[in-house]
Amino acid sequence: MSTSLAAAFRSGNGRKTKWQGDVVHSLLQLSVKDGDTIEITRLESSPTRAQALKVAADKGSLRANGVVVSPIAIWTHTSPEQVTLEVVGRKTRSVDIWNSWSFDGVDSSWLGSAGMIVESTDNVHTVRCSDGLGEPTFDDLVVKIVIRHG
Amino acid sequence: MGTAEMMIVFSALMALIALVTIGIDWIGKPLKHRRFIPRIYRFDDEKLPVDEYGNTTFVSELDEQQPPLLAMYQPGPQPMASPQAQHHPMAQPLASAMLPTQSTEAERTVAIAAQPSPRPVATIDSDVAASATASRSAFTDSLAVPKAAQPTPSDANSLQLPDHALIAGTAGATPSTATSTDLTWTPDMPLDTTIDDQKPSLAIKAERFWMASAEAAHGSHFDADDIDQMASGKAPRRTNPRTGRTEAMQLTGLRQASVCEDVRMRWPDESVDPWSAS
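Protein chains in written order, with this note's numbering: chain A, 13 to 162; chain B, 981 to 1258.
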């Protein structure tokens, strides 16, 4: 059911839930500090609609393409396949990562079948994202995230 | 007091009475954006019809019921051959020469078509119309059909009115019947439809937008709860796991919008795409 994943998130703490044996995240939190760099490589993306990975620094900002801002939206149709974000802010302790998609011109997140399955080894995280439309398919956006401590 | 002075005093008195009358007429419904419709147009036989957008119009259904122009066309005096003329040697050529002219004129006459009324207009019972002036809206416009001119039940099929072509401001004038005179907004109507002589507020337009969007939301990423929420005129909601709070969808461009396509939906989001301009 397309609504079961959203319902599962609602029944839990809203950040992660169990879905068909996998732990599915609606929000991924990674530990970083000022000066760290986050390398994000897009491995796969759905041609059906624009997908995005959004990154927000907790009590800080991120520098990308010469812009210091938070949150940052890395859209499949505008950004290069590999981007590097630099963490700016001495109080920053973590970044929040979630997926988003564009449907009928509306940028949406955390709806319907949206979720992320994360495979982590040390500082490398492979994130497989499902957008909110249809059944949960965790190949709408697949990215590799590497945290490099400064 | 001379005649000239009497005339001036009389004119001033008439002007004063006119101003007082207009003032009394105006103080019926002191709301913004309302139109001033002289009371003379609100007598039963001069009610203004309401079109599908809720605006008054001078094009009435009665125009369609009237005989077409053809029936009212009076042909000009036709040359009639007198008995004497029929025996005149020139009578036959003259008659034959004139007949085609008549025929051509007749064809031209047939070519005249009655202009169809572009929009259907609602009609209500004259009793209802009479009571409409005593209804909530003091400026209710309606088109009353005299009893004699009312369509019979057999005519009802030929005079099919759309559901939304109803009269505004007559709520309560007729108990709930199939021919309710309440103009109620339906999702196929423009968002800024004026009902009961009142332009919709921004909140009402938002409500209408969500109700109109509810049907289109089937098959999208909105779940059943969201669609139910929209169908009841409320914005869909989501839980933001970053903040733990519930967020409602927002609308932009609603104030000027007349149709749903003019409105943009957006979730609260402050993210920036650093590559969008490059």
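For each residue, glycine too, the CB sits at the ideal point set by N, CA and C.
Cross-chain neighbours of residue i in chain B, by beta carbon under 9 Å
{"i": "residue 119 of chain A", "result": "1246, 1247, 1249, 1251"}
{"i": "residue 54 of chain A", "result": "Simply none; closest approach about 12 Å."}
Where residue i meets chain A, residues with beta-carbon distance less than 8 Å
{"i": "residue 1256 of chain B", "result": "87, 90"}
Within chain B, partners of residue i - CB distance below 7 Å
{"i": "residue 76 of chain A", "result": "1254"}
{"i": "residue 66 of chain A", "result": "1251"}
{"i": "residue 27 of chain A", "result": "1221"}
{"i": "residue 108 of chain A", "result": "1222"}
{"i": "residue 153 of chain A", "result": "None at all; the shortest Cβ gap to chain B is about 15 Å."}
{"i": "residue 22 of chain A", "result": "1219"}
{"i": "residue 144 of chain A", "result": "1201"}
Contact list for residue i against chain B, beta-carbon separation under 8 Å
{"i": "residue 38 of chain A", "result": "1221"}
{"i": "residue 84 of chain A", "result": "1251, 1252, 1253, 1254"}
{"i": "residue 115 of chain A", "result": "1200, 1201"}
Any non-hydrogen atom of the ligand MN closer than 7 Å to residue i Cβ
{"i": "residue 1213 of chain B", "result": "Summarising the ligand content, the structure contains no ligands, and the ligand MN is consequently not present."}
6 Å Cβ shell around residue i - same chain, five flanking residues per side excluded
{"i": "residue 33 of chain A", "result": "none"}
{"i": "residue 1227 of chain B", "result": "1218, 1220, 1248"}
{"i": "residue 150 of chain A", "result": "129, 140, 142"}
{"i": "residue 1236 of chain B", "result": "none"}
{"i": "residue 134 of chain A", "result": "none"}
7 Å Cβ shell around residue i - same chain, five flanking residues per side excluded
{"i": "residue 155 of chain A", "result": "52, 53, 54, 55, 65, 139"}
{"i": "residue 1234 of chain B", "result": "1182, 1185, 1186, 1189, 1243"}
{"i": "residue 43 of chain A", "result": "105, 106"}
{"i": "residue 1192 of chain B", "result": "1167, 1240"}
{"i": "residue 1214 of chain B", "result": "1190"}
{"i": "residue 159 of chain A", "result": "42, 44, 48, 50, 135"}
Reduced DSSP secondary structure (H/G/I, E/B, other) of residue i
{"i": "residue 153 of chain A", "result": "strand"}
{"i": "residue 1187 of chain B", "result": "helix"}
{"i": "residue 1195 of chain B", "result": "helix"}
{"i": "residue 981 of chain B", "result": "coil"}
{"i": "residue 85 of chain A", "result": "strand"}
{"i": "residue 1218 of chain B", "result": "strand"}
{"i": "residue 115 of chain A", "result": "strand"}
{"i": "residue 128 of chain A", "result": "strand"}
{"i": "residue 159 of chain A", "result": "strand"}
{"i": "residue 1203 of chain B", "result": "coil"}
{"i": "residue 109 of chain A", "result": "strand"}
{"i": "residue 1166 of chain B", "result": "coil"}
Nearest-angstrom beta carbon gap, residue j and residue i [assumed within contact, 8 Å]
{"i": "residue 110 of chain A", "j": "residue 40 of chain A", "result": "7 Å"}
{"i": "residue 60 of chain A", "j": "residue 98 of chain A", "result": "With a Cβ gap of about 32 Å, residue 60 of chain A and residue 98 of chain A do not count as contacting."}
Same chain, Cβ closer than 8 Å to residue i, five either side skipped, listed in chain order
{"i": "residue 1202 of chain B", "result": "1210, 1216"}
{"i": "residue 23 of chain A", "result": "29"}
{"i": "residue 57 of chain A", "result": "63, 88, 152, 153, 154"}
{"i": "residue 1172 of chain B", "result": "1179, 1180, 1185, 1237, 1238"}
{"i": "residue 100 of chain A", "result": "46, 69, 72, 73, 74, 75, 80"}
Contacts that residue i makes with chain A (C-beta to C-beta distance below 9 Å)
{"i": "residue 1225 of chain B", "result": "In chain order: nothing, as chain A lies at least about 10 Å away."}
Under 7 Å by beta carbon: chain A residues contacting residue i
{"i": "residue 1218 of chain B", "result": "122, 123"}
Could you give the uninterrupted runs of the beta strand (DSSP E) lying entirely in the segment 1221-1258 of chain B, keeping only those of 3 residues or more? 1225-1228, 1230-1232, 1244-1246
As an exercise, report each continuous alpha helix (DSSP H) stretch of at least 4 residues that is fully enclosed by the segment 32-83 of chain A, in chain order. none
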